[in-house]
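J.: Here you go, one structure.
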Amino acid sequence: MGGFNHIGFDDSKGARYAILPGDPGRVEKIAQFLDNPRFYAQNREYTTWIGELAGEKVLVMSTGMGGPSTAIGIEEMFMLGIDTFIRVGSCGGMADDVLGGDVVIATGTVRTEGTTREYVPIEFPAVADLSVTNALVQGAKNLGLKWHAGIVHCKDAFYGQHDPSRMPIGYELMNKWQAFLKAGCLASEMESAALYIVAQFLGARAGCVLNVFGNQERAAKGLDNPRTTDTVPGIETAIEAVKILIEQDK
825 MGGFNHIGFD
835 DSKGARYAIL
845 PGDPGRVEKI
855 AQFLDNPRFY
865 AQNREYTTWI
875 GELAGEKVLV
885 MSTGMGGPST
895 AIGIEEMFML
905 GIDTFIRVGS
915 CGGMADDVLG
925 GDVVIATGTV
935 RTEGTTREYV
945 PIEFPAVADL
955 SVTNALVQGA
965 KNLGLKWHAG
975 IVHCKDAFYG
985 QHDPSRMPIG
995 YELMNKWQAF
1005 LKAGCLASEM
1015 ESAALYIVAQ
1025 FLGARAGCVL
1035 NVFGNQERAA
1045 KGLDNPRTTD
1055 TVPGIETAIE
1065 AVKILIEQDK
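Per my numbering, residue 825 is the first one in the sequence shown, and the count goes up by one each step.
The following block contains the structure:
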């Protein structure tokens, strides 16, 4: 590790599966869905709990907000033997049929953030692992959730999305946003690009399931815009997916 350790632990306890929320405050909540959950480590934005599913060790670790801390966390976990990563996050809907309370499974990501540009050229796509994505879709189906699978938008500036006209580069942000909408982008969030590019480069597997908290495009059009901060649908989808992957990996 070159002497660097940001995640606060140097032993994965034999785990190869990790569930990654952004928010440290959600780690314990997710860990309660595991068998025998217990606190494991805390350093910087990385809070980690450990438990089991189907007899396999599973880690739950927060990544903080944005690409840099996500990339660092995945790099360091991979060095310890973890090779399967599922992000459980929140997002804002973009497509008209993506409503608050739905879940979005990100098959690929628009790389408007900066972290991945220090890994690969911008032409290289940020794409989820197929087996992890299929497990997430099956998990959402098993739970009877309203789910969507497709491309999401990943950015670095939260307020650049929500108040682009205030930004000096607002003209570019707004034009690109319209292009992504026309192309069929489902939702917007902040970590999936780093997750997918770093995992691809390392030879790891990664997928991402997002809870939709609302849809600013529906609001702008005067459409019904249900809002929620419920994270349970995405968490349960990720738990189902890990169980499916454990069974397949055996």
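Where a beta carbon is used, it is the ideal one built from N, C-alpha and C, also for glycine.
1. For the candidate residues Ile843, Ser1016 and Ala1018, whose alpha-carbon lies nearest to that of Ile1059?
2. Would you kindly report the start and end of the unbroken beta strand (DSSP E) that includes Gly1031?
3. For the putative contact between Leu904 and Glu876, defined by C-beta atoms under 8 Å, what is the C-beta separation to the nearest angstrom?
4. Does DSSP put Tyr943 in a helix, a strand or coil?
5. State the Cα-Cα distance for the pair Phe833 and Tyr870, rounded to the nearest angstrom.
6. For Glu1064, count neighbouring Cβ atoms within 10 angstroms of its own Cβ and tell me buried if that reaches 16, exposed if not.
7. Which of helix, strand or coil does DSSP assign to Lys1067?
8. Quick one: using the 10 Å Cβ neighbour count with 16 as the cut-off for buried, is His972 buried or exposed?
9. Between Met1014 and Gly890, is the Cβ-Cβ spacing less than 8 Å?
10. Nearest by alpha-carbon distance to Ala1018: which of Lys1006, Ser893, Val1033 and Gln1040 is it?
11. Please classify Glu942 as buried or exposed, where buried requires at least 16 other C-beta atoms within 10 Å of its C-beta.
12. Measuring CB to CB, does Gly846 end up less than 8 Å from Thr887?
13. By DSSP, does Met825 sit in helix, in strand, or in coil?
14. Would you mind reading off the limits of the alpha helix (DSSP H) that contains Ala1023?
15. By Cβ distance, which residues of its chain are closer than 7 Å to Ile854, with the 5 residues on each side in sequence left out?
16. If you check the beta carbons only, do Ala809 and Val976 fall under 8 Å apart?
17. Identify the continuous beta strand (DSSP E) that holds Phe909 and give its terminal residues.
18. Per DSSP, which residues does Gly928 bridge with? Please list them.
19. Provide the residue span of the beta strand (DSSP E) that contains Gly875, from first to last.
20. Which same chain residues end up closer than 6 Å to Leu1026 when comparing Cβ atoms and leaving out the 5 residues on each side of it in sequence?
21. In or out: Glu799 buried (at least 16 other Cβ within 10 Å) or exposed?
22. What is the C-beta distance between Gly1031 and Asp953, in whole angstroms, given that I count them as a contact (C-beta under 8 Å)?
23. If distances are taken between C-alpha atoms only, which option among Gly879, Trp1001 and Val1056 comes closest to Gln1040?
24. Does DSSP put Ile843 in a helix, in a strand, or in coil?
25. Could you give the first and the last residue of the continuous beta strand (DSSP E) run that contains Ala1011?
T.: The structure says:
1. Check the Cα spacing between Ile1059 and each of Ile843, Ser1016 and Ala1018: the tightest is with Ile843.
2. That run of the beta strand (DSSP E) goes Arg1029 to Asn1039.
3. Cβ-Cβ separation between Leu904 and Glu876: approximately 17 Å, too far for a contact (criterion under 8 Å).
4. Coil, per DSSP.
5. Going by the C-alpha atoms only, they are around 10 Å apart.
6. The residue is buried, with at least 16 neighbouring Cβ atoms inside 10 Å.
7. Three-state result, Lys1067: helix.
8. Buried, since its Cβ has 16 or more Cβ neighbours within 10 Å.
9. In this structure, Met1014 sits near Gly890, with a CB-CB distance shorter than 8 Å.
10. Measuring from the Cα of Ala1018, the nearest candidate turns out to be Ser893.
11. Taking a 10 Å sphere around the C-beta of Glu942, we find fewer than 16 other C-beta atoms and assign the residue as exposed.
12. In contact: Gly846 and Thr887 (Cβ atoms closer than 8 Å).
13. Confidence in Met825 is poor, its pLDDT being 45 and thus under 50, which makes the residue's placement too unreliable to answer from.
14. Ser1016 to Leu1026 is the span of the alpha helix (DSSP H), which, as asked, contains Ala1023.
15. Within its own chain, the residues whose Cβ lies closer than 7 Å to the Cβ of Ile854, once the five positions on either side in sequence are excluded, are Ile843, Pro845, Val884, Val912 and Ile1059, listed in chain order.
16. Residue 809 lies beyond the stretch modelled for the chain, which goes from 825 to 1074, so this question has no answer here.
17. Where Phe909 is concerned, the enclosing beta strand (DSSP E) starts and stops at Thr908 to Gly917.
18. Here residue 928 turns out to be Val, not Gly, going by the sequence shown. When DSSP reads this structure, Val928 sits in a beta bridge with His972 and Leu1034.
19. Element bounds for Gly875: Tyr870 to Leu877.
20. Answer for Leu1026: Phe902, listed in chain order.
21. Limits of the chain in this structure are 825 at one end and 1074 at the other, which puts residue 799 out of reach.
22. Rounded, the Cβ-Cβ distance is 6 Å, consistent with contact.
23. Ranking Gly879, Trp1001 and Val1056 by Cα distance to Gln1040 puts Trp1001 first.
24. If DSSP states are grouped into helix, strand and coil, Ile843 belongs with the strands.
25. Residue range Ala1011 to Glu1013 is occupied by the beta strand (DSSP E) that includes Ala1011.
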